[in-house]
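One structure below.
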């Protein structure tokens, strides 16, 4: 029983935070271990464009989702990343 609980906790910690780039409509992932806070830079895996870096401008919770307003560090374009809140 202990092995099952330990394995499930380990697998849960390895999962990414899933969401959508609302500007492009592509699926995105933020890997666990990244500190997502205003003023920080995060690395995001975009299913259409590969790995991208964003500066986090603001974070808001809406019901069961989290909206991250961010700026693409390469292009300077603003975007909204809508993340699963669970």
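In our numbering, the protein residues as written are -14 to 71. A virtual CB, placed ideally from N, CA and C, is assigned to each residue, including glycine.
Problem - Three-way DSSP call (helix, strand, coil) for residue -7 in this model - result: Residue mapping note: residue -7 aligns to position 8 of the chain shown, counting from 1. Because residue -7 sits at a pLDDT of 38, beneath the cut-off of 50, its placement in the model cannot be relied upon, and the following sentence gives the value as read from the coordinates. Here residue -7 carries a helix assignment [DSSP, helix/strand/coil].
Handout entry: Assigned exposure category for residue 0 - 16 Cβ within 10 Å defines buried
Key = The residue given as residue 0 occupies position 15 in the chain shown. Exposed, by the Cβ-count rule.
Exercise for the section: Would you list the one or two residues that DSSP bridges to residue 55? Expected result: For this step, residue 55 is matched to residue 70 along the chain shown. Checking the DSSP bridge columns, you'll see residue 55 partnered with 41 and 64.
Problem - Local Cβ density within 10 Å of residue 4, reported as buried at 16 or more and exposed below that - result: Here residue 4 is taken as the residue at index 19 of the chain shown, counted from 1. Its Cβ being crowded by 16 or more others within 10 Å, residue 4 is buried.
Practice task
Please name the residue or residues paired with residue 12 in a DSSP beta bridge.
Solution key: Taking the chain shown and counting its residues from 1, the one referred to as residue 12 is at position 27. Residue 12 pairs with 5.
Handout entry: Distance between residue 15 and residue 64 (C-alpha atoms, nearest Å)
Key = Here residue 64 refers to the residue found at position 79 when the chain shown is read from its first residue. Here residue 15 refers to the residue found at position 30 when the chain shown is read from its first residue. When only Cα atoms are considered, residue 64 and residue 15 end up about 15 Å apart.
Handout entry: Under 7 Å between C-beta atoms of residue 45 and residue 38
Key = Numbered from 1 along the chain shown, position 60 holds the residue referred to as residue 45. Numbered from 1 along the chain shown, position 53 holds the residue referred to as residue 38. For residue 45 and residue 38, no; Cβs fall outside 7 Å.
Handout entry: Distance, residue 55 Cα to residue 66 Cα
Key = Indexing the chain shown from 1 puts residue 66 at position 81. Indexing the chain shown from 1 puts residue 55 at position 70. Straight through space, the alpha carbons of residue 55 and residue 66 are spaced by roughly 7 Å.
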